[in-house]
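Here is the structure we will look at, set down as structure tokens.
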Amino acid sequence: MKALARMSVAVLALHATPYAGVLHAAAESLPQGPLVGDQDLSPFYRWSGALPEKPGVMLREEGIPDQSEIVAAATAKRILYTSTDARWRSGIIPVSGTLYLPKRAAPQGGWPLIAWAHGTLGASDRCAPSWSRHRPRDGEYINNWLEQGFAVVATDYQGLGGPGPHPYLNWEAEGRSVLDASRAALEQGNGQIANTIIITGQSQGSGASLGATRLAPSYAPELNIKASIATGIVSRFPAADQKPSGEPSFARTVPPQLSLLMMIGGALGDDAKKPDDLVTEPGKPLLQAAREGCNAELAQVVRNNGLTLANSLKDPEITDRLSAVIDMSPVQMPVPVFLATGLADKSILPQRQYAAVVALCAARSHVVWKTYAGVSHNGTVHAAYADELAFVQAALAGKPMQSNCASIADPGPVGEPLPGFKFND
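Everything in the sequence shown is counted per this note's numbering, starting at 174 for the first residue and increasing by one.
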């Protein structure tokens, strides 16, 4: 495997054909530098020596300041561990994250482990939760699991904090980040963390969670994953062809900054034009903000400049190719899966999420899908928690909650998001 010290600094290259979630073999070095969101946060995030040749190895850890929402943690650490670069094929890379242990005494065999996958935060290093802290909603969610006696490991994902681009929404890369965070947590758990794992994620993290779940049998077969949770479902299963006729692609229905995050993250592939050549003059401040800032700053640039896909990209139709990064082939998931949708979700429309549920059910996955009337995209995380906990407790008891695939129903037509709506992950 190539050590990080031998990785050359490369300008981000993008591909002209759709990236459909398969491993790329074209590039041999990891793009690095300010153009892909790299920033000098602290020496903790930069690994200058040779890297171990296997993923899931803990490289270093350090204590982090308390977060007001996370009060049930006896131990809170920033971690750096090894993972596999699934996008640029550069070998073993360092990825950052956080690890929390609950205050209660560990049971015999250790605490079960929650592997949390966060939603959209940005593409620049300073958006990494291990550096900027978890957003309050996510901190409360992590705290809920700690109070129930679970340890929690939360990856930042490849390229957020660690070197190189963040392959935003690329489930192959993000899924590996989740699984390798779990491996690293188990390695450093000193027997206090059990190899009993629940994977959970929201929005962007829903794709990471489902990606990690389907990758686990081949990529990390030693991990004992008991169940998986995905809320605000972003994944799409085009082979199942559940998309209503004439419905626009995912990237056409979200704010322009998300398209730029995907471009920076290599969603167009290795031979496409650089993002600088794809944005209009009015779109350039947004591209700069995407490389240097996080969600709130990007949204502010969009509002201040009245930006849309139409006026920020030279060819808005290129976004149709970006959507391929969320595509999965429908396969039977190896463990029971809990899916949750807020019926007032204007970020990822309920009918889109329903199509993903139908595809997973058709693939004979064990699915429990819950919907929540009046609940927004952002609100689904906490609205679903009680149901998630019951689902997890049943799975851990060896009596999985019954699948409701036979009774799921189309949520019915809902309006497209209003122009300029705020994407809240």
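Cβ atoms here follow ideal geometry from the backbone N, Cα and C, with glycine treated the same way.
message: Here's the rule I'm using: 16 or more other beta-carbon atoms within 10 Å means buried, otherwise exposed. How should residue 235 be labelled?
response: Sequence index remark: in the sequence shown, residue 235 carries index 62 (1-based). The residue is exposed, with fewer than 16 neighbouring Cβ atoms inside 10 Å.
task: Helix, strand or coil for residue 564, going by three-state DSSP, please let me know.
output: Mapped onto the sequence shown, residue 564 falls at position 391. Reduced to three states, the DSSP call for residue 564 is helix.
message: What residue range does the alpha helix (DSSP H) around residue 437 cover?
response: Here residue 437 refers to the residue found at position 264 when the sequence shown is read from its first residue. That run of the alpha helix (DSSP H) goes 429–437.
- prompt: Touch check for the stretch 271–287 and the stretch 316–331: three-plus C-beta pairs under 8 Å?
  reply: Three or more Cβ pairs closer than 8 Å define a contact, and the stretch 271–287 meets that threshold against the stretch 316–331.
- request: Could you spell out the range, first to last residue, of the beta strand (DSSP E) harbouring residue 303?
  value: The residue labelled residue 303 in the question sits at position 130 within the sequence shown. That residue, residue 303, is in no beta strand (DSSP E); its alpha helix (DSSP H) goes 302–305.
- prompt: What is the rounded straight-line gap between the Cα of residue 494 and the Cα of residue 399?
  reply: To locate residue 494, count along the sequence shown from 1; it is residue 321. To locate residue 399, count along the sequence shown from 1; it is residue 226. C-alpha separation (whole angstroms): 34 Å.
message: Extract the residue ranges of the beta strand (DSSP E) inside the stretch 224–283, only unbroken runs of 3 or more that lie entirely within it.
response: For secondary structure counted as the beta strand (DSSP E) over 3 or more consecutive residues, the stretch 224–283 holds these complete runs in sequence order: 231–236, 246–257 and 265–275.
message: Please identify the residue among 581, 553, 262 and 517 whose C-alpha is closest to the C-alpha of residue 539.
response: To locate residue 539, count along the sequence shown from 1; it is residue 366. Minimum Cα-Cα distance from residue 539 among the listed residues 581, 553, 262 and 517 corresponds to 581.
query: Cβ atoms of residue 377 and residue 312: under 7 Å apart, would you say?
result: Taking the first residue of the sequence shown as position 1, residue 312 is located at position 139. Taking the first residue of the sequence shown as position 1, residue 377 is located at position 204. Residue 377 is positioned such that its CB atom lies no closer than 7 Å to that of residue 312.
- prompt: Is the beta carbon of residue 428 sitting closer than 7 Å to the one on residue 475?
  reply: One-based indexing of the sequence shown puts residue 428 at position 255. One-based indexing of the sequence shown puts residue 475 at position 302. One thing to note: residue 428 has its Cβ within 7 Å of the Cβ of residue 475.
- request: Indicate the three-state DSSP secondary structure (helix, strand or coil) for residue 558 in the structure shown.
  value: Position 385 of the sequence shown, counting from 1, holds the residue named residue 558. In the structure shown, residue 558 adopts helical secondary structure according to DSSP, grouped into three states.
message: Assuming residue 266 and residue 335 are in contact, meaning their beta carbons sit under 8 Å apart, how far apart are those beta carbons, in whole angstroms?
response: The residue you call residue 266 lines up with position 93 of the sequence shown. The residue you call residue 335 lines up with position 162 of the sequence shown. Going by Cβ atoms, the distance from residue 266 to residue 335 rounds to 6 Å, so yes, they are a contact pair.
field: Separation of residue 528 from residue 259, as counted between CA atoms
entry: Mapped onto the sequence shown, residue 259 falls at position 86. Mapped onto the sequence shown, residue 528 falls at position 355. As the crow flies, the alpha-carbon of residue 259 is around 27 Å from that of residue 528.
message: Could you compute how far the alpha carbon of residue 524 sits from the alpha carbon of residue 518?
response: The count along the sequence shown starts at 1 and reaches residue 524 at position 351. The count along the sequence shown starts at 1 and reaches residue 518 at position 345. Taking the straight line from one Cα to the other gives about 10 Å.
query: Cβ atoms of residue 545 and residue 585: under 7 Å apart, would you say?
result: Position 412 of the sequence shown, counted from the first residue, corresponds to residue 585. Position 372 of the sequence shown, counted from the first residue, corresponds to residue 545. No, these two residues do not count as a Cβ contact at 7 Å.
field: Contact belief for residue 219 with residue 303 at Cβ below 8 Å, rounded distance in angstroms
entry: Residue mapping note: residue 219 aligns to position 46 of the sequence shown, counting from 1. Residue mapping note: residue 303 aligns to position 130 of the sequence shown, counting from 1. The beta carbons of residue 219 and residue 303 sit about 14 Å from each other, so the pair does not count as a contact at 8 Å.
Every unbroken alpha helix (DSSP H) within the stretch 460–538, with a cutoff of 4 residues, ordered by chain: Listed in chain order, the complete alpha helix (DSSP H) runs (minimum 4 residues) inside the stretch 460–538 are 468–478, 482–485, 492–495 and 523–535.
- prompt: Do the CB positions of residue 512 and residue 437 come within less than 7 Å of each other?
  reply: Counting from 1 along the sequence shown, the entry for residue 512 is found at position 339. Counting from 1 along the sequence shown, the entry for residue 437 is found at position 264. Cβ distance not < 7 Å, so residue 512 and residue 437 don't count as in contact.
message: Closer than 8 Å is the cut-off here; do at least three beta carbon pairs connect the stretch 464–480 with the stretch 354–363?
response: The stretch 464–480 vs the stretch 354–363: no contact.
- request: Compute the Euclidean distance between the alpha carbons of residue 198 and residue 383, then round it to the nearest angstrom.
  value: In the sequence shown, residue 198 corresponds to position 25, counting from 1. In the sequence shown, residue 383 corresponds to position 210, counting from 1. Confidence at residue 198 is low in this model, with a pLDDT of 35, below 50, so the placement of that residue is unreliable and no value is reported for it.
message: I need the straight-line Cα distance from residue 310 to residue 301, nearest angstrom please.
response: Here residue 310 refers to the residue found at position 137 of the sequence shown. Here residue 301 refers to the residue found at position 128 of the sequence shown. Distance between the alpha carbons of residue 310 and residue 301: 15 Å.
query: Is it the case that the Cβ atoms of residue 269 and residue 210 are separated by a distance below 7 Å?
result: By 1-based counting over the sequence shown, the position of residue 269 is 96. By 1-based counting over the sequence shown, the position of residue 210 is 37. Contact: no.
field: Residue range of the unbroken alpha helix (DSSP H) whose run includes residue 378
entry: Residue mapping note: residue 378 aligns to position 205 of the sequence shown, counting from 1. Here the alpha helix (DSSP H) through residue 378 covers 377–392.
message: Comparing C-alpha positions only, which one of 387, 330 and 439 sits nearest to residue 498?
response: Translated into positions along the sequence shown, residue 498 becomes position 325. Its Cα nearest to that of residue 498, the residue 439 stands out among 387, 330 and 439.
- prompt: With a Cβ-Cβ cutoff of 7 Å, do residue 371 and residue 491 count as a contact?
  reply: Sequence index remark: in the sequence shown, residue 371 carries index 198 (1-based). Sequence index remark: in the sequence shown, residue 491 carries index 318 (1-based). No, Cβ-Cβ distance for residue 371 and residue 491 is not below 7 Å.
field: The beta strand (DSSP E) enclosing residue 327, as first and last residue numbers
entry: By one-based count along the sequence shown, residue 327 stands at place 154. Following the DSSP letters along the chain, one finds residue 327 inside the beta strand (DSSP E) bounded by residues 324–328.
task: Could you tell me if residue 168 is buried or exposed, where buried requires 16 or more neighbouring beta carbons within 10 angstroms of its beta carbon?
output: Given that the chain is displayed from residue 174 to residue 598, the structure contains no residue 168 and the question cannot be resolved.
query: Should residue 374 be labelled buried (16 or more other beta-carbon atoms within 10 Å of its own) or exposed?
result: Position 201 of the sequence shown, counting from 1, holds the residue named residue 374. By the neighbour-count definition (other C-beta atoms within 10 Å, threshold 16), residue 374 is a buried residue.
message: Would residue 401 and residue 510 qualify as a contact pair, given that the criterion is a beta-carbon distance under 7 Å?
response: For the purposes of this step, residue 401 is taken as the residue at position 228 of the sequence shown. For the purposes of this step, residue 510 is taken as the residue at position 337 of the sequence shown. Between residue 401 and residue 510, the CB-CB gap stays under 7 Å.
task: Find the nearest neighbour of residue 598 within the set 573, 468, 408 and 559, judged by alpha-carbon distance.
output: Here residue 598 corresponds to residue number 425 of the sequence shown, with the count starting at 1. Each of 573, 468, 408 and 559 was checked against the Cα of residue 598, and the nearest Cα belongs to 468.
- request: Ignore the nearest five residues each way along the sequence and tell me which others in residue 306's own chain have a CB closer than 6 Å to its CB.
  value: Here residue 306 corresponds to residue number 133 of the sequence shown, with the count starting at 1. Excluding sequence neighbours, residue 306 sits near 240.
- prompt: Would residue 563 be called buried (16 or more neighbouring beta carbons within 10 Å of its own) or exposed?
  reply: Position 390 of the sequence shown holds residue 563. The residue is exposed, with fewer than 16 neighbouring Cβ atoms inside 10 Å.
- request: Assuming residue 387 contacts residue 504 (C-beta within less than 8 Å), just tell me the rounded distance between them.
  value: Here residue 387 refers to the residue found at position 214 when the sequence shown is read from its first residue. Here residue 504 refers to the residue found at position 331 when the sequence shown is read from its first residue. Their Cβ separation, rounded to whole angstroms, is 6 Å, which keeps residue 387 and residue 504 in contact under 8 Å.
query: Is residue 345 buried or exposed, if buried means 16 or more other CB atoms sit within 10 Å of its CB?
result: Mapped onto the sequence shown, residue 345 falls at position 172. Label assigned to residue 345: buried.
query: Apart from the five residues just before and just after residue 315, which ones in its own chain have a Cβ nearer than 7 Å to its Cβ?
result: For the purposes of this step, residue 315 is taken as residue 142 along the sequence shown, with counting starting at 1. Cβ neighbours of residue 315 beyond the five flanking positions: 243, 273, 289, 307, 325 and 327.
query: Using the beta-carbon count (16 or more within 10 Å), is residue 263 buried or exposed?
result: Numbered from its first residue, the sequence shown carries residue 263 at position 90. With 16 or more Cβ atoms within 10 Å of its Cβ, residue 263 is classed as buried.
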